[in-house]
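Residue numbers (the numbering used here), protein chains in the order written: chain W, 2 to 115; chain B, 70 to 183. Ideal Cβ positions, reconstructed from N, Cα and C, are used throughout, including at glycine. Below you'll find the structure, written out as structure tokens, and then a few comments.
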């Protein structure tokens, strides 16, 4: 699986958009980009994933560069409840090894302030 | 909404005790996972199961065993608890499909072994 690099931490003002970068320069053609977050003392929560097209759901938007070497998760209007550690994971969608084993790195600690 | 329920949020056990951590999911998922999470080490996969009575070792299976007698239930067993097994334990489940990397997590069990 491709390795990802994320900033250690970032702050965001409540109501503003939070843009979380992730570098995955060694990504291969069949690997997807997944984003999860973990609010303190809770289990991780799936946010969104994509292959090469930009994706949007009720939680966030995912922008993947044309060369697929980096991506940005966008929380359009951050709230205090979005304070969490955000994980960017790159993984093949279907493989016969490690059946969906996710490798969570250190992630980005996002703090949303009033 | 998918629900993954872990039997206890907090557990305190003594060294040498046999410990059972239970996890139940209500979405008819084929895959179930047990992770542990420790500061500075992130989430590490202990065991996973892709079908009833099937199990595969993850990255750190030593000192643990698992049981999956029914599709909805996946149990993690510490045969003889030790202090280095003090940790946050997280259960997750997913479909066995191209969406297998969309895992749904429980709230976690914080285990202290004294």
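*Report the residues of the segment 38-62 of chain W with a CB closer than 9 Å to any CB of chain B, ordered along the chain.*
Taking 9 Å as the Cβ-Cβ cut-off against chain B, the residues of the segment 38-62 of chain W that qualify are 39, 42, 43, 44, 45, 46, 47, 50.
*So is residue 143 of chain B in contact with chain W if we call contact Cβ pairs under 7 Å?*
No, residue 143 of chain B lies away from the interface with chain W (no Cβ there is under 7 Å from its Cβ).
*is_contact[residue 112 of chain B, chain W] using C-beta, thresh 7 Å*: Yes, because at least one Cβ of chain W sits closer than 7 Å to the Cβ of residue 112 of chain B.
_With a threshold of 7 Å between beta carbons, is residue 159 of chain B in contact with chain W?_
Taking 7 Å as the CB threshold, residue 159 of chain B lines the interface with chain W.
*asked:* With DSSP as the reference, identify every bridge partner of residue 57 of chain W, one or two as the case may be.
replied: Listed as beta-bridge partners of residue 57 of chain W by DSSP are W/62.
*Would residue 74 of chain W pass as a contact of residue 83 of chain W if the rule is Cβ separation under 7 Å?*
It is not a contact, given that the beta carbons lie outside the stated cut-off.
_For chain W, check one thing: does any of its Cβ atoms lie closer than 7 Å to the Cβ of residue 174 of chain B?_
Chain W contact via Cβ: present.
*Beta-carbon separation (whole angstroms), residue 62 of chain W vs residue 89 of chain W, contact threshold 8 Å*: Residue 89 of chain W and residue 62 of chain W do not touch by the CB rule: their CB atoms are close to 14 Å apart, not below 8 Å.
*When DSSP labels each residue in this structure, what does residue 114 of chain B get in the three-state scheme?*
Residue 114 of chain B: strand per DSSP, three-state reduction.
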